[in-house]
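Residue numbers (the numbering used here): 4 to 537. Remarks on the structure that follows.
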């Protein structure tokens, strides 16, 4: 019988920071020793600890109680970033809004060859050969622009929001446009002054700028050529993969990378020329950050580039995240694998204005600056904690002095972000699959109502447990209060793909206690009066 073959895709597992081969081998040896020493203890605890599926089942049963609305969208490919775009239209029961997300198509392929070489009258035997090899990059990575229907508060029926299929795509999320991205999309950040313009990070030294409305729609087919970025920001000397921020006051872009540098750009000139070009075009034709050149074909070529306004040195290891001061384009901060939090002032030069040497006890992965109180800065770390710093009092004896340390995760924290709806509220997501919502005003505050649980961490008032793997990014919706989009990379649990969720907790959870009690009492009176009627 002739050999036959079949092909399929096996996801290439991608951690936040791939480690050198020597470190991986040493870590594997340590893990094997620990597993041997603690095998009996683990077996004893195994029956007592709920599995990921058990925890998820318990969470799903509580969805009608905890959430005002929730949409679950299965992703065939892994995704590392998600962001809200501009609101497009408002209707009676829902609003339509742009949503940006990435799809990572960096996979291994495998073939299964099977033959039946041994066969006689009494028995037969099949032999299978499994061949695994990396793809040649012909499967494209994409930046996806989607339209999302966001259901308004107190519209969705409680019995409906939990009735979703984890393996299906949500009817609330529709793909609008696809951009073939040159390399994996590690980060997406939108320009606050014009959220149709986004920046992306990939595994290269460059930052790519896209005018998503002007970009042509592409089909993500095998061998498709890359889309052409509208602008390329150069200045890094090594790969810049995750640290990326857009300024809320001016069209400035900030980035950090493996070269230990923080780099600042301005794209003002290109945006100005875009606005003047658009004025001469017919309505609906859209604009671009740069003037298009060439014959207008879809052939991917290098876009125009611009150099940095400033390059800032002060970190001793990879810069993992950056953030602008909400009130100034000249002030920003950065965190890195050197456990440092650094504040910069571009007006004072390229050296750190303030350097916190030991902000955490491990690598720092993320940082965010409070948009409503520019004295407060959040940091998240591989030590599983989130720290809140006041820039007026950052250190004590050279060591980081946080206002408070929030401990509620069981794995490395990957993303932190302040809420646009209340100055004291923020979220944090981690490799433990949880997205925690905190309120620092609740820390140390006594309340007559019992806490959610006796061991509930101080300040934690809501825990989104709808993801079954690491939550790599999330974004509060500035146009729709208390609405969040979050995405998880599910490679470790399902072998590939990801999960995008759009959700809003019940307002009974975050509203003032007296308002909630008054509403519940009113509802109770209504039920009693209805029951007493003949």
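For each residue, glycine too, the CB sits at the ideal point set by N, CA and C. From a predicted model like this one, the values you see are computed outputs, not experimental measurements.
- When the five nearest sequence neighbours on each side are left out, the beta carbons in the same chain lying within less than 8 Å of the beta carbon of residue 229 are those of 143, 183, 184, 185 and 303, in order along the chain.
- Looking at 322, 338, 270 and 340, the one whose alpha-carbon comes closest to that of residue 332 is 270.
- Contact annotation: residue 321 and residue 263 have beta-carbon atoms nearer than 8 Å.
- It is roughly 30 Å from the alpha-carbon of residue 526 to the alpha-carbon of residue 427.
- Sixteen is the threshold: when 16 or more other Cβ atoms of the shown chains lie within 10 Å of the Cβ of residue 106, as they do, the residue is buried.
- Between residue 420 and residue 371, the beta carbon gap of about 5 Å places them in contact (Cβ cut-off 8 Å).
- With contacts defined by Cβ atoms closer than 8 Å, residue 177 and residue 150 form a contacting pair.
- The beta-bridge partner set that DSSP reports for residue 471 is empty.
- Here the C-alpha atom of residue 435 lies approximately 13 Å from the C-alpha atom of residue 410.
- A straight line joining the alpha-carbon of residue 362 with that of residue 386 spans about 11 Å.
- The beta-bridge partner set that DSSP reports for residue 315 consists of 265.
- Assignment of beta-bridge partners to residue 101 by DSSP yields 150.
- At a cut-off of 3 residues, the continuous stretches assigned as beta strand (DSSP E) that sit fully inside the segment 411 to 443 are 416 to 421, 428 to 433 and 438 to 442.
- Taking residue 472 as reference, the option from 376, 244 and 414 with the minimal CA-CA separation is 414.
- Taking 8 Å as the cut-off, the beta carbon of residue 224 is found no closer than this to the beta carbon of residue 201.
- About 11 Å separates the Cβ atoms of residue 71 and residue 160, ruling out a contact at the 8 Å cut-off.
- When rounded, the separation of the alpha-carbon atoms in residue 397 and residue 169 is 44 Å.
- For residue 74, the number of other beta carbons within 10 angstroms of its own is at least 16, and it is reported as buried.
- With at least 16 other beta carbons inside 10 angstroms of its own, residue 433 counts as buried.
- For residue 226, the closest C-alpha among the options 306, 145 and 100 is that of 145.
- Within the DSSP secondary-structure output, residue 75 pairs in a beta bridge with 504.
- Taking every protein chain shown into account, the CB of residue 205 has 16 or more other CB atoms within 10 angstroms, so this residue is buried.
- For residue 67, same chain residues with a beta-carbon under 7 Å away, outside a window of 5 residues either side, are 161, 162, 164 and 165 in chain order.
- In this structure, residue 488 sits near residue 480, with a CB-CB distance shorter than 8 Å.
- When only Cα atoms are considered, residue 231 and residue 218 end up about 8 Å apart.
- Short of 6 Å from the beta carbon of residue 467, and not among the five residues preceding or following it, lie these beta carbons of its own chain, in chain order: 438.
- Residue 398 carries a strand assignment under DSSP once its states are collapsed to helix, strand and coil.
- When DSSP reads this structure, residue 407 sits in a beta bridge with 391.
- In terms of Cα proximity to residue 265, the closest of 417, 238 and 485 is 238.
- In the three-state reduction of the DSSP assignment, residue 321 falls in the coil class.
- Per DSSP, the continuous beta strand (DSSP E) segment holding residue 358 begins and ends at 357 to 359.
- Only buried fits residue 380, as 16 or more other CB atoms lie within 10 angstroms of its CB.
- The C-alpha of residue 102 is placed about 13 Å away from the C-alpha of residue 92.
- No residue range can be given for residue 169, since it is assigned to no alpha helix (DSSP H) and is classified by DSSP as neither H nor E.
- Exclusion of the five residues before and after residue 181 leaves 145, 146, 147, 148, 220, 221, 222 and 223 as the residues of its chain whose Cβ lies within less than 8 Å of its Cβ.
- Annotation for residue 180: the continuous beta strand (DSSP E) segment containing it runs 176 to 184.
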